[in-house]
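Undergrad: Protein sequence lines, in the order shown, are assigned to chains E and U.
So our numbering is basically just the index in the first sequence, starting at one, shifted up by 22.
So our numbering is basically just the index in the second sequence, starting at one, shifted up by 3.
Just so it is clear, CB atoms sit at the ideal spot from N, CA and C, and this is done for glycine as well.
This structure is a prediction, so every number in the text was calculated from the model and none was measured.
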Amino acid sequence: MASESKEKLERCFLAVFPEMDLKEIEQASTDKTLDWDSMASVMLYSLISQEFGIKILPEKMVDLNSYSTIYTFLAEEGKIK
Amino acid sequence: MSMYEEKHLTLLEALEIIKRRKAKSTIEFPVFFASGFTPLHLLSFTQAYLQASSPEETIIIKSGLFNDLFGNIEIPKKDEFRHLLIVVEWPDLDPRLGFRSNSGWSLSMVEDVIETIEKRTLMLLNAIRNASTEIPVTLCLPTLPVFPLSYTPPYLLNPLHQKMDVLTIRIQEEFMFHPRVQIIDPYWLDLHYSQYDRFNTESEAAFGFPYSLPFASFLGSLFAETISYPTPKKGLITDLDGTLWSGILGDVGEGGIHWDLNHHAMHHGLYQKLLLSLAETGTLIAAASKNDMPNVEKAFHRPDLIFTEDKVFPFQVHWNPKSYSVGDILRTWNIGEDSVVFVDDSPLELEEVKNHFPKLTCLRFPKEDAQQILRFLNLLRVLFGKRQITAEDKIRSQSIRVSREVFQTAESDTSVDQESLLSSLQSMLEIYTRGLEDDTRAFELVNKTNQFNLNGERFSQSAWEGLCKSPGFSGIVIAYKDKFGPLGKILVLLGVEERGILDVRSFVMSCRAFSRRVEHQCLQWLFENYGLREIRFHFRPTEKNGPIQTFFKEYDLNPEDSMLVLKREEFKKKTPKLYHSIEVKN
Chain E
23 MASESKEKLE RCFLAVFPEM DLKEIEQAST DKTLDWDSMA SVMLYSLISQ EFGIKILPEK
83 MVDLNSYSTI YTFLAEEGKI K
Chain U
4 MSMYEEKHLT LLEALEIIKR RKAKSTIEFP VFFASGFTPL HLLSFTQAYL QASSPEETII
64 IKSGLFNDLF GNIEIPKKDE FRHLLIVVEW PDLDPRLGFR SNSGWSLSMV EDVIETIEKR
124 TLMLLNAIRN ASTEIPVTLC LPTLPVFPLS YTPPYLLNPL HQKMDVLTIR IQEEFMFHPR
184 VQIIDPYWLD LHYSQYDRFN TESEAAFGFP YSLPFASFLG SLFAETISYP TPKKGLITDL
244 DGTLWSGILG DVGEGGIHWD LNHHAMHHGL YQKLLLSLAE TGTLIAAASK NDMPNVEKAF
304 HRPDLIFTED KVFPFQVHWN PKSYSVGDIL RTWNIGEDSV VFVDDSPLEL EEVKNHFPKL
364 TCLRFPKEDA QQILRFLNLL RVLFGKRQIT AEDKIRSQSI RVSREVFQTA ESDTSVDQES
424 LLSSLQSMLE IYTRGLEDDT RAFELVNKTN QFNLNGERFS QSAWEGLCKS PGFSGIVIAY
484 KDKFGPLGKI LVLLGVEERG ILDVRSFVMS CRAFSRRVEH QCLQWLFENY GLREIRFHFR
544 PTEKNGPIQT FFKEYDLNPE DSMLVLKREE FKKKTPKLYH SIEVKN
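This is how it looks when you write it as structure tokens:
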């Protein structure tokens, strides 16, 4: 279950950043990833909301600025166990 | 979700389709998307559905500036884009109707909004008129709820909403029969999504994208269909007991089967009514039933039957497996399984048929759940829906009967002399060489013919018009008739002629016209009337174009080559005897 959810999160990232590989995705963040602009953020938040059935509040979006913070957020919400 | 509704893509699935196709094709299909909002995911969905239906092209969708619908409609030019999608929402006509406006409220403001949307609708009409002279348009009129501006209770019609309806109808009336504008039907949207379920307030506030993802996916699928023109299915094979009527004919006799309200069998009657309309508009209908034929004949002699015997061809009534019946019907119709729908109330029968014909669309008739009948009937309309009815649609079934009875029998019966048969037909060809760009039947024929098809190439409306207007363009359409009746327009050849050489890009003939040597006569007429030295065919083998490959082999042309060259002398030596009289219509 945990690996399925992780895989789903990776698919979301791969769909938005098609040029990256899995290793790069785990390191991805708004600071380090050139392609991660505001449009990519919108795409990513929408994908995660639909795939994990979760609402991401606008004030929370600012904090979700890397793969690891998103992973942690989903784990806290019980979406990745 | 009902079994009769299509599952739509999630955003992740859409992005993955786009990603998968990105690097593969160099043929581009550019589309322009004009809206006043940020089109964001609606672009992704539209692109993904289009990409999935046109895997050989790279779909490119561009959009304009935020909050400038009118400016965006003016951007696309014919040479740059193949299609224009226009999506209008009420805030494009007056921002005070939207949720992003902080304009305050006053009683006089409502009247002002009414005046503003009226003026802006006139501007919109003008903008669409201009755009549609350049490029084919898909138009989606407002789909989203508006801010409740009126002071009246919202269940009572108020002047603002009444005006909104009037203006919408005004736009619909102007463009409904326009040859280059297609309008998404609001009724279809209403059937699937309430206005609450279409709108996403949070996404509108955060990103300027007002649609919920499921509704955006649904809209994207409709936009793609208006651009890609999916080919309607050609034939429907129906079961009888429990499907065309309620009751088991063998048990209850012809008097005990029903399709009416009084016997709680209305949904069978509605199905018959829809079959009747499909048959009248050119869909082939056959029956496959495990029954005894004398019983079925008696049932079809009941005068109150809505769907009558003369609309069914052929009947397959016996106790063999249904897959046997389906196979025989497909051979009689001479069409592929992917062009046919099979309807039965028994899941077991459906599975048995599906195992033998995996590309056939198998649908379960909602015998036990009359509540599903509207969805089921609408699904049939989706599968068989046509944009226009042609003269050929009305004679298709009859011509297939004649083909079966006269030509297929003659081919398999060695005692029948082919030459005597062909010479006795009094066959006549009508040849059309002008006005192909507006010939909807020719367009349909090129886009749906599979077997006698040079290369399987399909054309969008704009590509079709572009080819017909290209320098040196030569195209002919042939209609056929003989003593058994007309077949209508059955052959199209499109090419470019230069200095005695005709370069053929498309060459298709309806399977209803097989065995009549029309294809040979077509080439003979071209050689003679255009003074051609040779005809070059841009050939590509497809899964289904075996019949045209057989035709080329008659002239010793090798279907393994991509360019087949037929010289005048070679053609003259090998062409069989032809018996048609010819009339050139323009």
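So if DSSP puts U/Ile538 in a beta bridge, which residue, or which two residues, is it bridged to?
TA: Counted from its first residue, the second sequence places residue 538 of chain U at position 535. Beta-bridge pairing links U/Ile538 to U/Leu505, U/Leu569.
Undergrad: Which same chain residues, not among the five before or five after U/His270, have their C-beta less than 6 Å away from its C-beta?
TA: Walking along the second sequence from the start, residue 270 of chain U turns up at place 267. Once the five neighbours on either side are set aside, the close Cβ partners of U/His270 are Ala373, Ile376.
Undergrad: What ranges does the beta strand (DSSP E) occupy inside the region 119-171 of chain U, keeping only unbroken runs of at least 3 residues that lie completely in it?
TA: 140-143
Undergrad: What residues in the region 19-41 of chain U bring their beta carbon closer than 7 Å to a beta carbon of chain B?
TA: In the displayed structure, chain B is absent; the protein chains listed are E and U.
Undergrad: Taking contact to mean at least 3 C-beta pairs separated by less than 8 Å, is the region 436-451 of chain U in contact with the region 472-485 of chain U?
TA: yes
Undergrad: To which residues of the same chain is U/Asn548 closer than 8 Å at the C-beta, ignoring the five residues directly before and after it?
TA: Against the second sequence, residue 548 of chain U aligns to sequence position 545. Closer than 8 Å at Cβ, skipping near neighbours: Asn453, Gln454, Phe455, Asn456, Leu457, Asn458, Gly459.
Undergrad: Have a look at E/Lys111 and U/His86 and give me their C-alpha separation to the nearest angstrom.
TA: No statement about residue 111 of chain E is possible, as the shown extent of chain E runs from 23 to 103 and does not include it.
Undergrad: Suppose you measure from the CA of U/Leu383 to the CA of U/Asp313; what does that come to, to the nearest Å?
TA: Indexing the second sequence from 1 puts residue 383 of chain U at position 380. Indexing the second sequence from 1 puts residue 313 of chain U at position 310. Between the alpha carbons of U/Leu383 and U/Asp313 lies a gap of roughly 21 Å.
Undergrad: Select from the region 64-80 of chain E all residues with a C-beta closer than 7 Å to any C-beta belonging to chain U, and list them in chain order.
TA: Val64, Ser68, Leu69, Gln72, Glu73, Pro80
Undergrad: Between the beta-carbon of U/Ser509 and the beta-carbon of U/Val495, is there less than 9 Å?
TA: Position 506 of the second sequence, counting from 1, holds the residue named residue 509 of chain U. Position 492 of the second sequence, counting from 1, holds the residue named residue 495 of chain U. A contact, by the Cβ cut-off of 9 Å.
Undergrad: Whole beta strand (DSSP E) runs in the region 222-266 of chain U with 3 or more residues, listed along the chain?
TA: Listed in chain order, they are 238-241.
Undergrad: Using DSSP with H/G/I as helix, E/B as strand and the rest coil, what is U/Pro489?
TA: Here residue 489 of chain U is taken as the residue at index 486 of the second sequence, counted from 1. Three-state result, U/Pro489: strand.
Undergrad: Who are the Cβ neighbours of U/Glu137 in its own chain at under 6 Å, not counting the five residues just before and after it?
TA: Working through the second sequence from its first residue, we reach residue 137 of chain U at position 134. Hits under 6 Å: Lys81.
Undergrad: Just list the residues that DSSP pairs U/Asp347 with in beta bridges.
TA: Here residue 347 of chain U refers to the residue found at position 344 of the second sequence. According to DSSP, which records beta bridges pairwise, U/Asp347 is partnered with U/Arg367.
Undergrad: Would you say E/Val84 faces chain U, with C-beta separation under 9 Å as the test?
TA: Along the first sequence, read from residue 1 onward, the residue named residue 84 of chain E stands at position 62. No, no contact with chain U.
Undergrad: In terms of residues, what are the limits of the alpha helix (DSSP H) holding U/Phe554?
TA: For the purposes of this step, residue 554 of chain U is taken as residue 551 along the second sequence, with counting starting at 1. Counting along the chain, the alpha helix (DSSP H) containing U/Phe554 begins and ends at 549-557.
Undergrad: Could you tell me which whole alpha helix (DSSP H) segments of length 4 or greater appear in the region 71-102 of chain U?
TA: 72-77, 93-96
Undergrad: Using the Cα positions of U/His304 and U/Leu351, report the straight-line distance between them to the nearest angstrom.
TA: To locate residue 304 of chain U, count along the second sequence from 1; it is residue 301. To locate residue 351 of chain U, count along the second sequence from 1; it is residue 348. Taking the straight line from one Cα to the other gives about 29 Å.
Undergrad: So which of U/Val409, U/Gln429, U/Ala130 has the shortest CA-CA distance to U/Asp420?
TA: One-based indexing of the second sequence puts residue 420 of chain U at position 417. Per the Cα distances, U/Val409.
Undergrad: Answer yes or no: the CB of U/Arg201 versus the heavy atoms of the ligand NAD, is any distance below 8 Å?
TA: Ligands in the displayed structure: none, and consequently the ligand NAD is not present.
Undergrad: Using DSSP with H/G/I as helix, E/B as strand and the rest coil, what is E/Thr76?
TA: Locating residue 76 of chain E in the first sequence gives position 54, counting from the first residue. It should be pointed out that residue 76 of chain E corresponds to Ile in this sequence rather than to Thr. In the structure shown, E/Ile76 sits in coil (DSSP, three-state: anything other than H, G, I, E or B).
Undergrad: Bridge partners of U/His321, per DSSP?
TA: Residue 321 of chain U sits at position 318 when you count from the first residue of the second sequence. DSSP lists U/Lys293 as partners of U/His321.
Undergrad: The region 32-51 of chain E: which residues have C-beta closer than 9 Å to a C-beta of chain U, in chain order?
TA: Arg33, Cys34, Leu36, Ala37, Val38, Pro40
Undergrad: At the level of alpha carbons, what is the spacing between U/Thr49 and U/Thr335?
TA: For the purposes of this step, residue 49 of chain U is identified with residue 46 of the second sequence, where counting begins at 1. For the purposes of this step, residue 335 of chain U is identified with residue 332 of the second sequence, where counting begins at 1. When the Cα atoms are used, U/Thr49 and U/Thr335 turn out to be separated by approximately 38 Å.
Undergrad: Measuring only between beta-carbons, confirm whether U/Phe212 sits less than 9 Å from chain E.
TA: Here residue 212 of chain U refers to the residue found at position 209 when the second sequence is read from its first residue. Yes, U/Phe212 lies at the interface with chain E (some Cβ there is under 9 Å from its Cβ).
Undergrad: Anything in chain E within Cβ reach of U/Thr13, meaning under 9 Å, just list it in chain order.
TA: For this step, residue 13 of chain U is matched to residue 10 along the second sequence. Those are Leu69, Gln72, Glu73, listed as they occur along chain E.
Undergrad: Go ahead and pull the three-state DSSP assignment for E/Ile102.
TA: By 1-based counting over the first sequence, the position of residue 102 of chain E is 80. Reduced to three states, the DSSP call for E/Ile102 is coil.
Undergrad: Which value, in whole angstroms, describes the spacing of the CA atoms of U/Leu470 and U/Thr29?
TA: For the purposes of this step, residue 470 of chain U is taken as residue 467 along the second sequence, with counting starting at 1. For the purposes of this step, residue 29 of chain U is taken as residue 26 along the second sequence, with counting starting at 1. If I take the Cα positions, the gap works out to 19 Å.
Undergrad: Can you give me the C-alpha to C-alpha distance between E/Ser71 and E/Lys77, rounded to a whole angstrom?
TA: Sequence index remark: in the first sequence, residue 71 of chain E carries index 49 (1-based). Sequence index remark: in the first sequence, residue 77 of chain E carries index 55 (1-based). If I take the Cα positions, the gap works out to 6 Å.
Undergrad: For the alpha helix (DSSP H) containing U/Thr49, list its first residue and its last residue.
TA: Mapped onto the second sequence, residue 49 of chain U falls at position 46. That run of the alpha helix (DSSP H) goes 43-56.
Undergrad: Contact check, U/Leu281 vs U/Leu239 under 8 Å by CB: the rounded distance?
TA: Stepping through the second sequence from its first residue, residue 281 of chain U is reached at position 278. Stepping through the second sequence from its first residue, residue 239 of chain U is reached at position 236. The Cβ separation is near 6 Å, so the contact holds.
Undergrad: How many angstroms separate the CA atom of U/Leu152 from the CA atom of U/Lys166?
TA: On the second sequence, position 149 is the one that residue 152 of chain U refers to. On the second sequence, position 163 is the one that residue 166 of chain U refers to. Looking at the two C-alpha atoms, the distance is approximately 13 Å.
Undergrad: Please determine, among U/Asn75, U/Ser400, U/Glu354, U/Arg502, the residue with the shortest C-alpha to C-alpha distance to U/Ala289.
TA: If you number the second sequence from 1, residue 289 of chain U lands on position 286. The shortest Cα separation from U/Ala289 among U/Asn75, U/Ser400, U/Glu354, U/Arg502 belongs to U/Ser400.
Undergrad: Give a yes or no on whether the C-beta atoms belonging to U/Leu72 and U/Val91 are separated by under 9 Å.
TA: If you number the second sequence from 1, residue 72 of chain U lands on position 69. If you number the second sequence from 1, residue 91 of chain U lands on position 88. It is a contact, given that the beta carbons lie within the stated cut-off.
Undergrad: I'd like to know if U/Ser206 contacts chain E, where contact means its C-beta is closer than 9 Å to some C-beta of that chain.
TA: Numbered from its first residue, the second sequence carries residue 206 of chain U at position 203. U/Ser206 counts as touching chain E.
Undergrad: What number of angstroms, rounded off, separates the C-alpha of U/Asp168 from the C-alpha of U/Trp93?
TA: Locating residue 168 of chain U in the second sequence gives position 165, where the first residue counts as 1. Locating residue 93 of chain U in the second sequence gives position 90, where the first residue counts as 1. Their Cα atoms are separated by approximately 11 Å.
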